[in-house]
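Each residue of the sequence shown is one higher than the one before, starting from 10 at the first, in our numbering. C-beta: ideal position from N, C-alpha, C; glycine also.
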Amino acid sequence: VGGKTGTAQHGENNSQTPYAWFTSFGKSDSNGKEVAVAVMVEQSDAARSEVSGNGLAAPVARAMMAAALKK
């Protein structure tokens, strides 16, 4: 499994809460299934200082990846 976190500026002069993202890929050991997942969080209740790909988007991607590889 591999992945990359990130944030993207939002609004004029970065005046709005940034976007959080996480992109990942993985392969099942049991059935060889390959999956790629990309998650972008545009809005959340998190404080601006708490917005991160690791904190907001990665947990969503993890759940999606686990569900996809399980089938």
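Item	Value
Buried versus exposed call for V10 [16 or more other C-beta atoms within 10 Å across all chains shown]	exposed
Helix, strand or coil at E21 [DSSP, three-state]	helix
A70 - containing alpha helix (DSSP H), residue span	67-79
Heavy atom of the ligand GTP within 8 Å of V69 beta-carbon	As far as ligands go, the structure on display features none, and thus does not contain the ligand GTP.
Element boundaries [beta strand (DSSP E), containing A47]	43-50
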